[in-house]
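So for the sequence shown, full-length UniProt numbering puts the first residue at 1; every next one is plus one.
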Amino acid sequence: MKELMSILLEMLGDASAPEKRGAALCTLGQLVGATGHVIKPYTEYPVLLDILINLLKTEQHSFIRRETIRVLGLLGALDPYRHKINRGQIDFQPEAPVLIPFSDKNDDSNMDLTSSEMLVNMSSSTLEEYYLAMSIATLMKIIKDPTLSQHHTMVVHAVTFIFKSLGIKCVTYISQVLPCLLNVVRTADVSFREYLFQQLAQLISIVKQHIRNYLDDICNLIKEFWTPNCQIESTLILLVEHIAVALSGEFKVYLPKLMPQILRVLNHDVSKDRQVTVKLLEALMKFGNNLDDYMHLILPPIVKLFDAQDCPTAVSKQALETVDYLADVLDFSDFTSRIIHPLVRTLDGNPELRATAMETLVSLVLQLGRKFNIFIPLLAKVMAKHKIQHVKYELLICKLQNDTTLADDSDFKMPRNRLKAKSRDPSLPSETIMIQRLKVASGDLQYAWTITRRVSKDDWLEWLRKLSIELLKQSPIPALRSCLSLAQTYSQFPRDLFNATFVSCWTELSEPMQKELIESLRQALMVPEIPEITQTILNLAEFMEHCDKGPLPLEPQLLGERAIYCRAYAKALHYKEAEFQQNASSHVVEALISINNKLQQKEAAEGLLQFVMQRNCDMQIQVRWYEKLHNWDKALGLYQERLLVNNNDEDALLGQMR
Numbered sequence: 001m002k003e004l005m006s007i008l009l010e011m012l013g014d015a016s017a018p019e020k021r022g023a024a025l026c027t028l029g030q031l032v033g034a035t036g037h038v039i040k041p042y043t044e045y046p047v048l049l050d051i052l053i054n055l056l057k058t059e060q061h062s063f064i065r066r067e068t069i070r071v072l073g074l075l076g077a078l079d080p081y082r083h084k085i086n087r088g089q090i091d092f093q094p095e096a097p098v099l100i101p102f103s104d105k106n107d108d109s110n111m112d113l114t115s116s117e118m119l120v121n122m123s124s125s126t127l128e129e130y131y132l133a134m135s136i137a138t139l140m141k142i143i144k145d146p147t148l149s150q151h152h153t154m155v156v157h158a159v160t161f162i163f164k165s166l167g168i169k170c171v172t173y174i175s176q177v178l179p180c181l182l183n184v185v186r187t188a189d190v191s192f193r194e195y196l197f198q199q200l201a202q203l204i205s206i207v208k209q210h211i212r213n214y215l216d217d218i219c220n221l222i223k224e225f226w227t228p229n230c231q232i233e234s235t236l237i238l239l240v241e242h243i244a245v246a247l248s249g250e251f252k253v254y255l256p257k258l259m260p261q262i263l264r265v266l267n268h269d270v271s272k273d274r275q276v277t278v279k280l281l282e283a284l285m286k287f288g289n290n291l292d293d294y295m296h297l298i299l300p301p302i303v304k305l306f307d308a309q310d311c312p313t314a315v316s317k318q319a320l321e322t323v324d325y326l327a328d329v330l331d332f333s334d335f336t337s338r339i340i341h342p343l344v345r346t347l348d349g350n351p352e353l354r355a356t357a358m359e360t361l362v363s364l365v366l367q368l369g370r371k372f373n374i375f376i377p378l379l380a381k382v383m384a385k386h387k388i389q390h391v392k393y394e395l396l397i398c399k400l401q402n403d404t405t406l407a408d409d410s411d412f413k414m415p416r417n418r419l420k421a422k423s424r425d426p427s428l429p430s431e432t433i434m435i436q437r438l439k440v441a442s443g444d445l446q447y448a449w450t451i452t453r454r455v456s457k458d459d460w461l462e463w464l465r466k467l468s469i470e471l472l473k474q475s476p477i478p479a480l481r482s483c484l485s486l487a488q489t490y491s492q493f494p495r496d497l498f499n500a501t502f503v504s505c506w507t508e509l510s511e512p513m514q515k516e517l518i519e520s521l522r523q524a525l526m527v528p529e530i531p532e533i534t535q536t537i538l539n540l541a542e543f544m545e546h547c548d549k550g551p552l553p554l555e556p557q558l559l560g561e562r563a564i565y566c567r568a569y570a571k572a573l574h575y576k577e578a579e580f581q582q583n584a585s586s587h588v589v590e591a592l593i594s595i596n597n598k599l600q601q602k603e604a605a606e607g608l609l610q611f612v613m614q615r616n617c618d619m620q621i622q623v624r625w626y627e628k629l630h631n632w633d634k635a636l637g638l639y640q641e642r643l644l645v646n647n648n649d650e651d652a653l654l655g656q657m658r
């Protein structure tokens with residue numbers, strides 16, 4: 001069973017081969033039917049239910065959808081709360097008081113709710129966290145689904161925006177986002193992979209050292225895709241640069257993994273004008289003293305870049321600037337000759353690089369002090385030959401020859417302030433501006449909820465779609481509003497966020513506007529034959545009962561009746577019990593007995609009957625109640641007694657026939 005299940009799950013996840021998926025579904029159904037292995041597969045393979053539900057939502061082939069429904073029927077019904085425990089979305093703590101939402105086993109819309117839906121008495125601050133958590137969880141659900149790959153770019157864009165708006169507070173959500181992004185990188189095409197690496201670099205620049213738990217995986221990915229002359233070398237170098245800046249001294253641990261790729265670029269780059277080499281040299285400047293143990297590997301190829309005749313001038317200049325910059329943070333004592341002799345040749349043979357070479361020499365003089373004296377005659381000869389003049393260099397040499405200690409000289413403080421100036425990079429945001437709550441255009445929202453000329457089912461579904469998108473568009477929460485472009489292309493997305501967007505806008509509306517919105521919802525709820533709208537509003541009403549903004553001001557009688565109509569019996573039970581507390585009529589009692597019976601709570605149904613018999617003498621016991629309890633003998637006997645009294649009693653005759 002285990003060996004077959006692992007193969008079948010892999011085949012079910014392959015969106016590129018519908019025939020294979022269909023065969024896998026048939027096999028799974030036969031396997032479950034033959035072994036009687038029901039319910040348990042959901043616990044053993046937590047992804048199974050998500051795979052099957054996604055097939056129902058996204059699969060175009062009617063055969064596969066039909067077979068999926070058959071397999072779901074064979075596997076049996078699973079408690080949504082238990083499913084969330086299986087997936088690790090909820091920590092199961094029997095001793096802790098937990099309020100489970102009144103959701104239905106047969107109401108599949110509840111299967112997509114995250115554990116955030118479990119929040120009870122949500123305060124304003126908790127709601128703000130809920131909006132963020134819900135946005136990110138919904139975005140991650142899309143990026144995990146390979147069949148929705150056309151939406152992945154917008155998902156990543158939205159996540160990056162959310163992280164930027166949160167600043168360092170986004171650290172809480174790293175564990176949700178990073179593993180998903182890294183998994184997608186492996187399966188993405190080249191262009192999208194490059195975009196993912198760019199966004200990953202942005203995320204690292206925001207969370208800084210908090211990325212360390214994922215760096216082994218990130219470095220393995222970089223190593224895997226940083227192949228010779230690949231299209232995304234520059235992007236990977238930018239990513240490495242961001243990691244180096246984020247980790248500072250801790251980056252040294254990861255350098256051994258990346259050093260082969262770095263050396264390959266320095267020695268064998270064949271990109272146009274060696275642009276990749278320039279990018280790498282800029283990145284090496286950010287590595288700073290992490291390069292201490294690798295100077296014997298790094299310096300020779302860098303020096304060769306400004307000493308070689310065939311190297312582009314821009315690359316040679318960048319190589320000189322890199323040595324100049326690193327001289328402030330690294331000890332070049334053991335490599336003095338290997339740097340200064342090529343510098344002399346550069347001064348002698350390359351007029352375009354003389355100014356940069358002289359700046360590099362100044363840095364070396366500052367670091368080496370009196371050790372530089374041995375090279376002064378050699379340089380003096382070349383400078384005289386080409387009539388090179390450099391005020392800083394000449395002043396330093398003068399002080400050296402007069403035995404002045406450069407480190408004590410106020411004119412040349414060590415290290416120079418260039419280090420701080422050069423470390424600034426527009427691609428690395430020094431601070432992230434927190435985006436405050438946005439304004440709600442209540443007029444636009446009012447236009448979306450207004451019901452006009454809704455006749456067919458399609459008209460009503462279009463009304464719900466437009467309202468869902470407008471709620472997202474007008475939400476004052478930046479994290480929710482950042483998902484707008486995705487919502488306009490992927491219709492399921494605004495539905496998944498409907499509760500969150502509704503509550504975020506509801507709190508910003510005036511009382512008259514709230515009343516008008518509720519009236520529109522009431523009208524929509526009354527429309528028959530459109531369970532999608534009814535379930536959406538019922539889920540919303542349930543959600544609002546759990547947050548401190550108060551319940552949705554709709555009558556429990558209406559919500560209860562519509563829940564029964566949708567066969568959402570757990571919700572119906574909740575509302576009918578509330579109605580029973582207000583007005584315990586015979587109609588309500590009959591409905592409660594019927595609902596409890598449908599929920600297989602026979603004891604509760606019988607207990608209700610006993611309660612009425614003992615406590616409420618004014619209410620007449622209805623024979624139909626015994627029918628609802630499936631107590632057919634008792635019901636038949638009572639109908640026959642009534643017929644003995646009056647053999648023309650139509651209700652009794654019909655009851656006897658039933």
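Just so you know, even glycine gets a beta-carbon here, dropped at the ideal spot from N, CA and C.
Which listed residue (the options) has its alpha carbon closest to that of residue i
{"i": "residue 666", "options": "Q622, L12, F375 and D269", "result": "Since the first residue of the chain shown is 1 and the last is 658, residue 666 is not available in this structure."}
{"i": "P494", "options": "R345, Y447, T138 and E650", "result": "T138"}
{"i": "S333", "options": "P301, D310, P312 and R370", "result": "R370"}
{"i": "M526", "options": "S504, L540, A541 and E561", "result": "E561"}
{"i": "F335", "options": "S316, E359 and H296", "result": "H296"}
{"i": "T277", "options": "V253, D293, I302 and K286", "result": "I302"}
{"i": "E241", "options": "F375, G288 and I564", "result": "G288"}
{"i": "A578", "options": "E545, R567 and G607", "result": "E545"}
{"i": "W463", "options": "I168, M657, L521 and V612", "result": "L521"}
{"i": "L480", "options": "F63, L132 and R65", "result": "L132"}
{"i": "M657", "options": "A635, A584 and M140", "result": "A635"}
{"i": "S62", "options": "L486, L280 and L25", "result": "L25"}
{"i": "L8", "options": "T27, A15 and L215", "result": "T27"}
{"i": "D328", "options": "L368, R567, E44 and P553", "result": "L368"}
{"i": "L238", "options": "W632, G249, M285 and R465", "result": "M285"}
{"i": "R453", "options": "A524, C505 and E511", "result": "A524"}
{"i": "residue 707", "options": "D307, C566 and G637", "result": "The structure shown does not extend to residue 707, since the chain spans only 1 to 658, so no value can be given for it."}
{"i": "D145", "options": "Y447, D14 and Q474", "result": "D14"}
{"i": "T153", "options": "Q514, W632 and Y490", "result": "Y490"}
{"i": "P312", "options": "N583, E352 and P260", "result": "E352"}
{"i": "R465", "options": "I168, V185, L497 and S442", "result": "L497"}
{"i": "M573", "options": "Q601, S316, P553 and S585", "result": "Residue identity differs from the one stated: residue 573 is Leu in this sequence, not Met. Here the closest residue by C-alpha is Q601."}
For residue j and residue i, believed in contact at Cβ under 8 Å, the rounded distance
{"i": "A244", "j": "N290", "result": "7 Å"}
{"i": "L361", "j": "Y393", "result": "6 Å"}
{"i": "L347", "j": "R354", "result": "6 Å"}
{"i": "S135", "j": "C483", "result": "6 Å"}
{"i": "I469", "j": "Q488", "result": "6 Å"}
{"i": "V155", "j": "L196", "result": "Not a contact, Cβ separation roughly 11 Å."}
{"i": "D292", "j": "L330", "result": "6 Å"}
{"i": "P551", "j": "A541", "result": "7 Å"}
Straight-line gap, residue i to residue j (C-alpha atoms, nearest Å)
{"i": "I388", "j": "C398", "result": "16 Å"}
{"i": "L467", "j": "A314", "result": "56 Å"}
{"i": "M122", "j": "M1", "result": "Low local confidence applies: a pLDDT of 46 at M122 is under 50, so the model's placement there is unreliable, and no value is given."}
{"i": "K257", "j": "L378", "result": "40 Å"}
{"i": "I477", "j": "C180", "result": "24 Å"}
{"i": "V47", "j": "F580", "result": "40 Å"}
{"i": "P415", "j": "D189", "result": "Model confidence at P415 stands at a pLDDT of 46, short of 50, so the residue's coordinates are unreliable; what they give is reported in the following sentence. So the alpha carbons of these two residues sit roughly 46 Å apart."}
{"i": "L386", "j": "Y294", "result": "With the sequence shown as reference, residue 386 is identified as His, and Leu is not the correct amino acid for it. Going from the Cα of H386 to the Cα of Y294 covers about 35 Å."}
{"i": "L366", "j": "V253", "result": "30 Å"}
{"i": "E224", "j": "S6", "result": "26 Å"}
{"i": "S504", "j": "K473", "result": "11 Å"}
8 Å CB neighbourhood of residue i in its chain, flanking five on each side removed
{"i": "E590", "result": "Q622, R624, W625 and K628"}
{"i": "A246", "result": "I204, S205, V207, K208, Q209 and I211"}
{"i": "P300", "result": "R338"}
{"i": "I69", "result": "L56"}
{"i": "V38", "result": "V32, L74, L75 and G76"}
{"i": "N597", "result": "A605, K628, L629 and H630"}
{"i": "I376", "result": "I397, L400 and Q401"}
Cβ neighbours of residue i in the same chain (closer than 7 Å, five flanking residues each side left out)
{"i": "E19", "result": "none"}
{"i": "R424", "result": "Note on R424: pLDDT 39, under 50, position unreliable in the model; the coordinate value appears next. Around R424: no qualifying Cβ."}
Close beta carbons around residue i, own chain, < 6 Å, minus the five adjacent residues each side
{"i": "L74", "result": "G29, V32 and G33"}
{"i": "V171", "result": "V207 and H210"}
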